[in-house]
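So the sequence shown is numbered by the working numbering: it starts at 322 and just counts up by one.
Just so you know, even glycine gets a beta-carbon here, dropped at the ideal spot from N, CA and C.
Quantities reported herein were computed from a predicted structural model and do not represent experimental measurements.
Below you'll find the structure, written out as structure tokens, and then a few comments.
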Amino acid sequence: MELTIVNDGSKDRTGEIIDNLEKQYPEIVARHHAQNRGYGAALKTGFSSCRKEFIFYTDGDGQFDSAEISKLIPLIENADVVSAYRIDRKDPWNRKLNAWLYNTFLLICFRLNVRDVDCAFKLYKAKFFDGIELKSDGALIDAEVLIKLKKAGAKIVQVGVHHYPRLVGEQTGSKLKVILKTAKEIRENWRDLV
């Protein structure tokens with residue numbers, strides 16, 4: 322097992338903490354961005370650092386129970402991607418509405434039939450990342466990965482996981498700036514995605 326932790330330009334002690342963890346535990350790999358480069362850039366750094374057969378990722382904000390990976394592992398035997406969806410999503414109503422609209426848009430435009438595209442609890446067979454160029458540095462990254470893996474022939478299955486209220490960090494997914502950046506990334510990458 323290998324645990325890659327990506328510090329996306331945090332201004333707190335995150336970098337120092339993960340560097341210390343890396344020194345203490347050989348299975349931990351610390352990766353750093355000098356400044357915040359975005360959610361997609363952090364995931365791409367993590368994906369490119371992985372050297373094992375499977376890639377699992379989740380966010381570090383405490384909204385998921387990592388033990389629920391036990392729901393994903395048995396499903397990867399007969400699939401290439403296990404994409405979780407949030408059971409009883411614990412986000413504000415406007416975030417839930419934005420997510421529903423976004424998922425519906427992705428279904429209509431890209432035939433991506435995934436219930437919760439942006440759920441940060443996924444397990445992949447790493448081999449599917451070979452030869453796939455990921456361009457998004459922002460919130461489009463989850464959709465870009467799933468669309469491109471589906472086009473590459475990956476079988477995607479889904480499973481529900483519990484979702485908990487955010488206790489730390491700031492929710493940015495429903496901010497106009499993030500929505501507009503995602504729309505811009507869709508426009509710029511349209512030909513790669515269809």
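request  = Any chance you could list the alpha helix (DSSP H) runs of at least 4 consecutive residues sitting entirely within the stretch 387 to 450, in chain order?
outcome  = 390 to 393, 414 to 431
task = Please determine, among 359, 510, 387, 502, the residue with the shortest C-alpha to C-alpha distance to residue 430.
result = 510
message = Quick check: the stretch 362 to 379 against the stretch 416 to 433, are at least 3 beta-carbon pairs closer than 8 Å?
response = The stretch 416 to 433, when compared against the stretch 362 to 379, does not touch it at the 8 Å Cβ threshold.
task = Note down the Cα distance separating residue 325 from residue 442, rounded to an integer number of angstroms.
result = In a straight line, the C-alpha of residue 325 is about 15 Å away from that of residue 442.
query = What do you reckon, are the CB atoms on residue 343 and residue 355 nearer than 8 Å?
reply = no
inquiry  = Looking at the secondary structure, which residues open and close the alpha helix (DSSP H) in which residue 345 lies?
reply    = 335 to 345
query = With DSSP run on the structure shown, which of helix, strand or coil describes residue 352?
reply = strand
message = Going by DSSP, what residue range makes up the alpha helix (DSSP H) through residue 368?
response = It spans 360 to 370 - the alpha helix (DSSP H) in which residue 368 sits, taken as one unbroken run.
message = Assuming the contact rule is C-beta atoms closer than 8 Å, residue 471 and residue 444 should be a hit. Round their C-beta distance to whole Å, please.
response = With a Cβ gap of about 16 Å, residue 471 and residue 444 do not count as contacting.
key: Burial state of residue 476 (16 or more Cβ within 10 Å)   = The residue is exposed, with fewer than 16 neighbouring Cβ atoms inside 10 Å.
query = What residue range is occupied by the uninterrupted alpha helix (DSSP H) comprising residue 468?
reply = 462 to 472
Touch test, the stretch 446 to 458 against the stretch 405 to 421, Cβ-Cβ under 8 Å, three pairs minimum = no
query = If you compare alpha carbons, which of 333, 389, 382, 330 is closest to residue 487?
reply = 382
message = Are the CB atoms of residue 485 and residue 437 within a distance shorter than 8 Å?
response = no
key: CA-to-CA distance, residue 464 to residue 449, given in whole angstroms   = Residue 449 and residue 464: Cα-Cα distance of roughly 15 Å.
request  = Check whether the Cβ atoms of residue 435 and residue 396 lie closer than 8 Å to each other.
outcome  = no
task = Have a look at 446, 497, 495, 505 and flag the residue whose alpha-carbon is nearest the alpha-carbon of residue 368.
result = 446
Buried versus exposed, by CB contacts within 10 Å (16 or more), residue 348 = exposed
key: Member of 483, 346, 327, 497 whose CA lies at the smallest distance from the CA of residue 371   = Closest by alpha carbon: 327.
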